[in-house]
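K.L.:
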């Protein structure tokens, strides 16, 4: 955890809190995977209508989609806040 935190792969949940026992959302998981793989963030569009350009996880989702880490093109929704 310390190593991943020092490399900014994982971050706290806000206000200086780190909650390793808390479940994570699909968006948080995508962000962790993208950071862990060291992928450059992509601004390319995704087919998911529930991922807005203003969402904090937009670039992580776009990057995961661009690298085919998320590849369900038939789905209109990613449900990024789902645990």
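Residue numbers (my numbering): -8 to 74.
Glycine residues also receive a C-beta, built at the ideal position from the N, C-alpha and C atoms.
Values in this document were obtained by computation on a predicted structure and should not be read as measured data.
Quick one: Cα of residue 57 to Cα of residue 45, how far?
P.N.:
18 Å
K.L.:
Could you check where the alpha helix (DSSP H) with residue 52 kicks off and where it finishes?
P.N.:
49 to 57
K.L.:
For residue 68, is the classification buried or exposed, using 16 other Cβ atoms within 10 angstroms of its Cβ as the cut-off for buried?
P.N.:
exposed
K.L.:
For residue 70 and residue 12, I'd like the C-alpha separation in whole angstroms.
P.N.:
21 Å
K.L.:
Cβ atoms of residue 48 and residue 66: under 8 Å apart, would you say?
P.N.:
no
K.L.:
Among 55, 74 and 14, which residue has its Cα nearest to the Cα of residue 31?
P.N.:
55
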